[in-house]
Structure formats: C-alpha cells, structure tokens
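These notes are about the structure you will find just below.
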Amino acid sequence: MKRKAIECALLYVGLPVLLAAVRLAGGPFPVLPVLWVAACPAAVYLVKHEGWGRREFFGWRVESACALHLGLRLLAAAAVLAGGILLVAPELFLELPRRSPRLWALVMVFYPLLSVFPQGILYRGLFFARYAPLFAVEGMRRVAGAAAFSLAHLVFLNPWAMLLTLAGGMMFNRTYRASGCLQAANLEHAVCGQLVFTCGWGRYLYHGVTRLMEHAVS
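Residue numbers are given in my numbering: position 25 of the sequence shown equals residue 28, and the series is strictly consecutive.
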C-alpha cells in the first residue's frame, strides 16, 4: 500500500508540479507527448494486471437512464460554460470558431482522439483500478481523482484551468463509476472539452492539441 501511495503521489502530483516548474522556468511544456508516454504503460498495466481488453477500453455499455442523465449534464455544462465566459470575459465568447473556423473544426475532431482518450486511461481507468483503494470511501476516491485531474492542468498556470477541470473531473468520475464504462466518461469529457474551446475558455486551457492544429492550418 505504501508503494502505491508513493506511485500515486509521483504520477498525479509530482509530474504535474515538475511540468509547471519547467514552464515557469521558461522551458517547453510538451503536454501531449508526456500524456501519451504516461498513458501507454498505464494501458499495459490495465491489460496485464486488471484484465482489461477491448471491451473495457472501447466498449459502450450504458443504461438508458444513465445516458439520459449524461445528456442533461452536458446541456447544463453548455449553459454554464457559455454563461460563465459571457460574465468573465465576454470578448472571448466564441473566439475560436469566429477567429479560425478551420482550426476550431480540427480541434473538435482531434481533441477527443489525441487528448481525451489517454486522459481517460490515466485519470479514470488507472486511478480507480490501482489507486482508489488508498482512499477509504467512494466520495473521497472521486474527489481525489478529480483533484488529480485538476492538478494535471497546473501547467497552464491559471486558476480557471484548475477550477474548470476540477468540476469536470467530478462529473467524469461520477459517470465512470455509475456506468462502469470508460467510453461514457470519455464522451462526456470530449463534449465538455469541445464546449470549452467553442465557448471561449480555450484561452485558459491552451492545449497541446490546439498548438498542433495551429501548425496544421498555418
């Protein structure tokens, strides 16, 4: 158990703090490469030690009631994100689709593939399979997972990134634990991320996918 606690601290606290420190020092912050380098061995662990297969990684097994709740939460998230940016920084509302429709379209397509999937492996699959037993009750596990997900965005060096992803982490963890389906949580994560970049919050979460797609359209 002590070994798992150290692993958990290094992966979900130490690594994000290190990346943020590198960025503060003026160094690069290769979010996507680091994410995939961490997610690949996590996926191998899930296959070898937790018995994961195609169904666990890619299957869809969500009851209709859960799917309905998921849809309602996404509608609520859209309203909150749109209303929030209009209050905080109205000049940023729909900034990306207005400024660069082509870049926006590319982000909508590639964000779920390049970013959401590996994050799902790390912050839902691996966390709850290996490290959740470190926390006594389910509520603590969900909060700890959401906090880890939020801390992963420390590299963006602004409080909005942390707050948005903390709230998102709670949502995605709830969906994952209620459905037992990684792809349901990934779908929710993907749509919320698309809403973030569409509504105008992307300025605060200038993501590796956005940087990559900017090079593609330049």
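C-beta atoms are modelled at their ideal positions from N, C-alpha and C, and glycine is treated no differently.
Notebook entry, point to check: Quick one: what's got a C-beta closer than 7 Å to Tyr15's C-beta in the same chain, skipping five residues either side?
Noted result: Stepping through the sequence shown from its first residue, residue 15 is reached at position 12. Ala151, Leu154, listed in sequence order.
Check: Quick one: what's got a C-beta closer than 7 Å to Ala149's C-beta in the same chain, skipping five residues either side?
Finding: Here residue 149 refers to the residue found at position 146 of the sequence shown. If we look at Ala149 and ignore the five residues flanking it on each side, its Cβ neighbours are Leu169, Gly172, Met173, Asn176.
Note to self: Contact between the stretch 59-72 and the stretch 191-202 is defined here as three or more beta-carbon pairs at a separation below 8 Å; is this criterion met?
What the structure shows: Of all C-beta pairs linking the stretch 59-72 to the stretch 191-202, fewer than three are shorter than 8 Å, placing the two stretches out of contact.
Next item on the list: Using only alpha-carbon positions, find the residue among Phe120, Ala139, Arg101 that is nearest to Ala42.
Entry: For the purposes of this step, residue 42 is identified with residue 39 of the sequence shown, where counting begins at 1. Looking at the Cα atoms, Phe120 is the closest of the given residues.
Check: Would you call the stretch 122-130 and the stretch 32-42 touching, i.e. three or more CB-CB distances under 8 Å?
Finding: yes
Notebook entry, point to check: Closest to Val91 by CA distance: which of Trp204, Leu78, Leu22 is it?
Noted result: To locate residue 91, count along the sequence shown from 1; it is residue 88. The option with the nearest alpha carbon to Val91 is Trp204.
Check: Would you call Ala24 buried or exposed, if buried means 16 or more other Cβ atoms sit within 10 Å of its Cβ?
Finding: The sequence position of residue 24 within the sequence shown is 21, counting from 1. Counting Cβ neighbours within 10 Å, Ala24 comes out exposed, since fewer than 16 surround it.
Note to self: So, for His218: in the same chain, excluding its five sequence neighbours on each side, which residues have a beta-carbon less than 7 Å away from its beta-carbon?
What the structure shows: One-based indexing of the sequence shown puts residue 218 at position 215. Confidence in His218 is poor, its pLDDT being 49 and thus under 50, which makes the residue's placement unreliable; the coordinate value appears in the next sentence. Once the five neighbours on either side are set aside, His218 has no close Cβ partner at all.
Margin query: Going by DSSP in three states, Pro115 sits in which element: helix, strand or coil?
Written below: Position 112 of the sequence shown, counted from the first residue, corresponds to residue 115. Of the three classes helix, strand and coil, the one that applies to Pro115 here is helix, per DSSP.
Check: Got a sec, what are the start and stop residues for the alpha helix (DSSP H) His192 sits in?
Finding: Your numbering for residue 192 matches position 189 in the sequence shown. Looking at the DSSP string, the run of the alpha helix (DSSP H) that includes His192 is 185-202.
Notebook entry, point to check: Met174 lies in the alpha helix (DSSP H); which residues open and close that run?
Noted result: Locating residue 174 in the sequence shown gives position 171, counting from the first residue. Unbroken alpha helix (DSSP H) run through Met174: 162-182.
Check: What residues in its chain sit with their C-beta under 6 Å from that of Leu116, if we drop five residues either side in the sequence?
Finding: Along the sequence shown, one-based indexing puts residue 116 at 113. Here the set comprises nothing.
Checklist line | C-alpha gap between Arg133 and Arg6, whole angstroms | finding: Here residue 133 is taken as the residue at index 130 of the sequence shown, counted from 1. Here residue 6 is taken as the residue at index 3 of the sequence shown, counted from 1. Arg133 and Arg6: Cα-Cα distance of roughly 11 Å.
Checklist line | Leu97 in three-state terms, based on DSSP | finding: Here residue 97 corresponds to residue number 94 of the sequence shown, with the count starting at 1. The answer is coil: DSSP assigns Leu97 none of H, G, I, E or B.
Notebook entry, point to check: Going along the chain, which residues of its own chain have a beta-carbon closer than 6 Å to the beta-carbon of Ala254, five neighbours each way excluded?
Noted result: This structure does not reach residue 254, given that the chain is present from 4 up to 221, and the question cannot be answered.
Margin query: Distance check for Arg102 and Glu94, CA to CA, integer angstroms please.
Written below: For the purposes of this step, residue 94 is identified with residue 91 of the sequence shown, where counting begins at 1. For the purposes of this step, residue 102 is identified with residue 99 of the sequence shown, where counting begins at 1. Near 12 Å, if we compare the C-alpha coordinates of Arg102 and Glu94.
Next item on the list: Please report the residue range of the alpha helix (DSSP H) in which Pro36 lies.
Entry: As a working mapping, residue 36 is identified with position 33 in the sequence shown. Counting along the chain, the alpha helix (DSSP H) containing Pro36 begins and ends at 34-53.
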